[in-house]
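According to the UniProt record's numbering, the residues represented by the sequence shown are 1 to 473, in order. By construction, the Cβ of each residue, glycine as well, lies at the ideal position given by its N, Cα and C atoms. Because the structure is a prediction, the values reported are computed rather than measured. Note sheet for the following structure.
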Amino acid sequence: MDGPAAISSSPSSSSAVVDVGPSTSARSPEVMSEEEREEEDAGGGVEQVPEFVRRQTSTSASYRVVPMPPRRMEASTAPEDLAADDTLSCVIVILTFWFFVSMTLIMGIFGSEDLQIGPYSSILLKPNPLFVSSLKMESSEMKVAPVVYGFYKPPPLDVTKIWSWSLSTSVRPDTHKEWVHYLNEGSQINISYSVPSSSSLIIVIAKGIEGLAEWVEDPLYPDSALSWNVIRGNGTIRQDILKSYDYYVAIGNFNSEDVEVGVNLSIRSTVYDITGSYYMCNLTRRLCNFKILFPEGNQGVLTTPGPTEGAGNEVYVKLSYEPRWMTYFLGIGGMTSIMLWGFNCLNRIRRNNEDTLENQLRNVGPERAPLLPQKDDDLSSLGSSYDSGSQSGEEYQDLLEGPCDGRPGGEGGKKYQPRQLCVICYDAPKDCFFIPCGHCASCFDCGVRVAEVAGTCPICRRRMKKVRRIYNV
Numbered sequence: 001m002d003g004p005a006a007i008s009s010s011p012s013s014s015s016a017v018v019d020v021g022p023s024t025s026a027r028s029p030e031v032m033s034e035e036e037r038e039e040e041d042a043g044g045g046v047e048q049v050p051e052f053v054r055r056q057t058s059t060s061a062s063y064r065v066v067p068m069p070p071r072r073m074e075a076s077t078a079p080e081d082l083a084a085d086d087t088l089s090c091v092i093v094i095l096t097f098w099f100f101v102s103m104t105l106i107m108g109i110f111g112s113e114d115l116q117i118g119p120y121s122s123i124l125l126k127p128n129p130l131f132v133s134s135l136k137m138e139s140s141e142m143k144v145a146p147v148v149y150g151f152y153k154p155p156p157l158d159v160t161k162i163w164s165w166s167l168s169t170s171v172r173p174d175t176h177k178e179w180v181h182y183l184n185e186g187s188q189i190n191i192s193y194s195v196p197s198s199s200s201l202i203i204v205i206a207k208g209i210e211g212l213a214e215w216v217e218d219p220l221y222p223d224s225a226l227s228w229n230v231i232r233g234n235g236t237i238r239q240d241i242l243k244s245y246d247y248y249v250a251i252g253n254f255n256s257e258d259v260e261v262g263v264n265l266s267i268r269s270t271v272y273d274i275t276g277s278y279y280m281c282n283l284t285r286r287l288c289n290f291k292i293l294f295p296e297g298n299q300g301v302l303t304t305p306g307p308t309e310g311a312g313n314e315v316y317v318k319l320s321y322e323p324r325w326m327t328y329f330l331g332i333g334g335m336t337s338i339m340l341w342g343f344n345c346l347n348r349i350r351r352n353n354e355d356t357l358e359n360q361l362r363n364v365g366p367e368r369a370p371l372l373p374q375k376d377d378d379l380s381s382l383g384s385s386y387d388s389g390s391q392s393g394e395e396y397q398d399l400l401e402g403p404c405d406g407r408p409g410g411e412g413g414k415k416y417q418p419r420q421l422c423v424i425c426y427d428a429p430k431d432c433f434f435i436p437c438g439h440c441a442s443c444f445d446c447g448v449r450v451a452e453v454a455g456t457c458p459i460c461r462r463r464m465k466k467v468r469r470i471y472n473v
């Protein structure tokens with residue numbers, strides 16, 4: 001007789017399986033599990049397991065089936081927790097982004113600045129009422145100080161003032177002298193010069209401190225300034241102003257000796273009409289606070305007096321912007337609400353797509369059919385497993401005759417044949433079987449993993465209930 005039946009009926013096969021403990025017949029009722037008691041009661045004291053591992057009647061060999069202890073599966077993270085974490089991350093990113101935007105506006109675009117302006121200057125101050133609540137202006141103490149005027153609408157730029165000043169100075173080698181004036185669109189600069197010596201000088205008109213710094217870096221480059229001229233003897237220079245800005249008039253000496261020069265500067269300046277102002281503040285009090293109306297806004301005009309004899313013509317004014325904090329707070333709240341609303345909409349759409357895909361997959365059904373047809377009950381499945389076991393008895397006989405650890409066994413160092421090894425890891429011998437189908441195709445560790453992950457037999461695709469280990473004695 002072939003197959004497992006021959007193994008269980010022949011006492012000479014006692015060396016095939018080694019018992020590592022007492023047989024199930026000698027176990028006390030306290031040690032036996034409830035499932036084993038039920039199986040023993042239902043089978044009249046005979047354990048209902050596949051025949052190739054059935055307990056032998058011989059006292060020299062027996063088989064013992066050890067139930068696998070249940071493993072606890074870690075609970076996966078709930079979708080609500082993941083959504084809460086994503087929402088918190090979104091809020092943190094929005095707050096950080098808006099913080100840097102606010103600091104850029106407060107410290108950069110609407111930061112304080114120091115103005116250096118000349119006589120008869122007229123500067124229009126038009127801040128954004130959404131971000132600025134007031135203007136603060138401060139100047140050094142002087143007899144004739146600048147004046148701030150307030151307007152509901154921008155005043156017309158149609159008043160012309162003509163003024164001039166003259167000086168004679170000596171320019172040292174490799175140095176320059178400069179004078180600054182704030183001029184509006186439509187103004188004009190006329191320069192008359194006189195250089196008594198045969199040496200030459202360079203006179204430039206630069207737009208802003210940036211243009212002056214560019215000329216100082218490369219003084220011999222003509223395109224570095226708005227107007228660049230080499231002067232020698234007597235002559236005149238005229239420059240029209242096309243944009244309201246501060247302009248620098250500078251004279252540079254790049255000779256090896258001091259050079260005397262006489263300069264007459266005549267300026268035709270276009271200034272704002274201040275007759276219709278509703279607010280006036282003289283900086284002789286050193287500080288003026290000009291409120292900005294919200295939301296329509298208003299404008300201010302900073303004016304300086306004409307040149308004075310025996311005193312410097314430069315005027316220094318510190319201008320500060322007071323931020324409108326309500327805008328920043330509402331902006332942070334509004335941006336956060338909009339981003340959270342959009343984020344929640346995207347999450348809802350994503351969940352709907354996942355649910356739709358899951359329903360479609362559930363309706364399609366399994367793509368692969370089991371290798372063996374489904375059985376009506378567990379008993380028929382057990383019968384089929386016995387038949388398959390009897391047909392491959394030699395394979396199980398070879399399995400049971402080898403050691404359980406998968407190492408070379410026997411006196412001659414015999415190794416397992418490929419058919420005796422686990423079909424999953426191909427490292428350990430086949431030392432377990434699946435209930436209820438009874439197939440033996442893997443080692444115990446791989447069988448446990450298959451039961452936990454897939455839950456179906458890799459041979460027949462039947463649903464597995466248990467995995468039992470095969471022990472040798």
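Which residue from the options puts its Cα closest to that of residue i?
i: Ser256; options: Trp179, Pro173, Lys466, Ile92; result: Pro173
i: Ser198; options: Asn353, Lys153, Asp427, Val261; result: Val261
i: Lys318; options: Leu283, Ile292, Pro305, Gln299; result: Leu283
i: Ile435; options: Ile470, Ser89, Ile424, Val93; result: Ile470
i: Ile264; options: Ile189, Phe444, Asp427; result: Note on identity: in this sequence residue 264 is Asn, with Ile being the wrong assignment. For the residues Ile189, Phe444, Asp427, the minimum Cα distance to Asn264 belongs to Ile189.
i: Phe99; options: Thr336, Phe254, Cys437, Ala145; result: Thr336
i: Thr104; options: Leu340, Tyr328, Asp427, Asn359; result: Tyr328
i: Leu88; options: Leu340, Val101, Ile274; result: Leu340
i: Leu330; options: Ser122, Ile123, Cys90, Phe131; result: Phe131
i: Phe254; options: Gly276, Thr275, Asp218, Gly233; result: Asp218
i: Ser277; options: Leu124, Ile332, Val101; result: Leu124
Which word fits residue i, buried or exposed, when buried means at least 16 other C-beta atoms lie within 10 angstroms of its C-beta?
i: Phe97; result: exposed
i: Ile231; result: buried
i: Val467; result: buried
i: Gln391; result: With a pLDDT of 42 at Gln391, under the threshold of 50, the modelled position of this residue cannot be trusted, and the question is left open.
i: Cys457; result: buried
i: Thr304; result: buried
i: Ile7; result: At Ile7, the pLDDT of 36 sits below 50, so the modelled position is not reliable; the number obtained from the coordinates is stated separately. By the neighbour-count rule (16 or more Cβ atoms within 10 Å), Ile7 is buried.
i: Tyr416; result: buried
i: Pro146; result: buried
i: Met73; result: For Met73, the predicted structure reports a pLDDT of 41, less than 50, and the residue's modelled location is therefore unreliable. The matter cannot be settled from this model.
i: Asp431; result: buried
i: Cys443; result: buried
i: residue 553; result: Past the edges of the chain, shown from 1 to 473, lies residue 553, and the structure says nothing about it.
i: Tyr120; result: buried
i: Val453; result: exposed
i: Ile191; result: buried
i: Leu201; result: buried
i: Pro418; result: exposed
i: Cys345; result: exposed
i: Ile209; result: exposed
i: Arg348; result: exposed
i: Leu400; result: Confidence is the limiting factor: at Leu400 the pLDDT is only 47, short of 50, which leaves the residue's position unreliable, though a coordinate-based value still follows. So Leu400 counts as buried.
i: Glu140; result: A quick correction: the sequence has Ser, not Glu, at residue 140. Exposed, because fewer than 16 other Cβ atoms sit within 10 Å of the Cβ of Ser140.
i: Pro408; result: Its pLDDT being 42, under 50, Pro408 is placed unreliably by the model, and the measurement read from it follows with that caveat. Exposed, because fewer than 16 other Cβ atoms sit within 10 Å of the Cβ of Pro408.
i: Gln360; result: exposed
State the CB to CB distance for the pair residue i and residue j, rounded to an integer number of angstroms; the pair is presumed to be in contact (CB under 8 Å).
i: Phe294; j: Pro129; result: 5 Å
i: residue 480; j: Leu183; result: The shown model of the chain, from 1 to 473, leaves out residue 480, and the question about it has no answer.
i: Cys425; j: Cys446; result: 5 Å
i: Lys291; j: Ser112; result: Incorrect: roughly 17 Å between the Cβ atoms, too far for contact.
i: Tyr247; j: Ala206; result: 7 Å
i: Cys422; j: Phe433; result: Between Phe433 and Cys422 the Cβ distance is about 12 Å, and since that is not below 8 Å, they are no contact.
i: Gly455; j: Arg462; result: 10 Å between Cβ atoms; not a contact.
Would you say residue i and residue j are within 9 Å of each other, going by their C-beta atoms?
i: Gly252; j: Thr175; result: yes
i: Tyr152; j: Glu296; result: yes
i: Tyr321; j: Val301; result: no
i: Trp215; j: Gly118; result: no
i: Ile237; j: Tyr193; result: yes
i: Glu138; j: Thr270; result: no
i: Ser164; j: Ser266; result: yes
i: Val315; j: Ala250; result: no
i: Lys136; j: Gln299; result: no
i: Asp258; j: Val171; result: yes
i: Val159; j: Ser187; result: no
i: Ile332; j: Leu95; result: yes
From the DSSP secondary-structure annotation, give me the bridge partner or partners of residue i.
i: Arg463; result: Thr456
i: Trp163; result: Ile267
i: Cys288; result: Met137
i: Ala250; result: Glu178, Val204
i: Trp228; result: Val204
i: Pro323; result: Val132
i: Ser114; result: Before going on, a small fix: residue 114 reads as Asp here, not Ser. For Asp114, which the question treats as bridged, DSSP gives the partners Lys318.
i: Gln429; result: In the sequence as displayed, the identity of residue 429 is Pro instead of Gln. For Pro429, which the question treats as bridged, DSSP gives the partners Leu421.
i: Phe294; result: Bridge partners of Phe294: none, in fact.
i: Met280; result: Tyr149
i: Thr236; result: Ser192
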